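Below is one structure, written out as structure tokens; the observations come after it.
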Amino acid sequence: MHRLQTEHWFSFAATLAPPELIGPVAEGIRVNFWLTGGEAKGPHIRGKLRAEGADFFTLRTDGVGVLSVRTVIETDDGALIDLAYEGLSDLGADAYTRFLAGDLPQRLELRMQPRLRSAHPAYADLARRLYVGVGVGEIGRLSVSYDVYAVV
701 MHRLQTEHWF
711 SFAATLAPPE
721 LIGPVAEGIR
731 VNFWLTGGEA
741 KGPHIRGKLR
751 AEGADFFTLR
761 TDGVGVLSVR
771 TVIETDDGAL
781 IDLAYEGLSD
791 LGADAYTRFL
801 AGDLPQRLEL
811 RMQPRLRSAH
821 PAYADLARRL
831 YVGVGVGEIG
841 RLSVSYDVYA
851 VV
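Taking my numbering, the leading residue of the sequence shown gets 701, the next gets one more, and so forth.
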């Protein structure tokens, strides 16, 4: 058996605008969560999340939320890092029906696989690693937070 080893790369917390409901579409219920800012800090990345980008969230009929996020980190030393990730959140088999009835989950356990890219020389090697992240979304507080790990 192969052993999975990870190294904590950074953590981030972001604030969100109130959800923008697109509504039921073929793939599920579409909701946009626009980012209003945030902070990244850790042993390899420190800076702020710009107030741009969003989670283009889809709640599938099986109750699984699909994350599709894109934003930019501006590091303390002036670099720009493109942060994009896909992920999942299992909200329960009846989550789709509950959502349609107006019963929104207040807390989401989030799992994601981010891609990090930068043209800045200090961060040019970010795209050479595979990352995984675990986090929490709190709808009532309009916030998300993650810990991001590099697979080593």
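We treat Cβ as the ideally placed atom computed from N, Cα and C, and that holds for glycine.
Here the structure is a predicted model, which means the values were calculated and not measured.
With distances taken Cα to Cα, identify the nearest neighbour of residue i among the options.
{"i": "Y849", "options": "L842, D794, I729 and G833", "result": "G833"}
{"i": "L800", "options": "W709, S711, G723 and L704", "result": "G723"}
{"i": "E707", "options": "G837, R829, I839 and V836", "result": "R829"}
{"i": "D777", "options": "R807, E752, A740 and G792", "result": "A740"}
{"i": "V836", "options": "P805, A822 and D782", "result": "P805"}
{"i": "L791", "options": "D782, H702, L808 and L783", "result": "L808"}
{"i": "G840", "options": "A822, S789, R760 and D803", "result": "D803"}
Taking C-beta to C-beta, are residue i and residue j nearer than 8 Å?
{"i": "S843", "j": "T715", "result": "yes"}
{"i": "V772", "j": "L780", "result": "yes"}
{"i": "D755", "j": "F733", "result": "yes"}
{"i": "L816", "j": "Y831", "result": "yes"}
{"i": "Y796", "j": "P814", "result": "no"}
{"i": "E752", "j": "L767", "result": "no"}
{"i": "G747", "j": "W709", "result": "no"}
{"i": "V851", "j": "L704", "result": "yes"}
In the DSSP output, what is residue i paired with across the bridge?
{"i": "I781", "result": "I773"}
{"i": "S711", "result": "K741 and D847"}
{"i": "A754", "result": "W734 and R770"}
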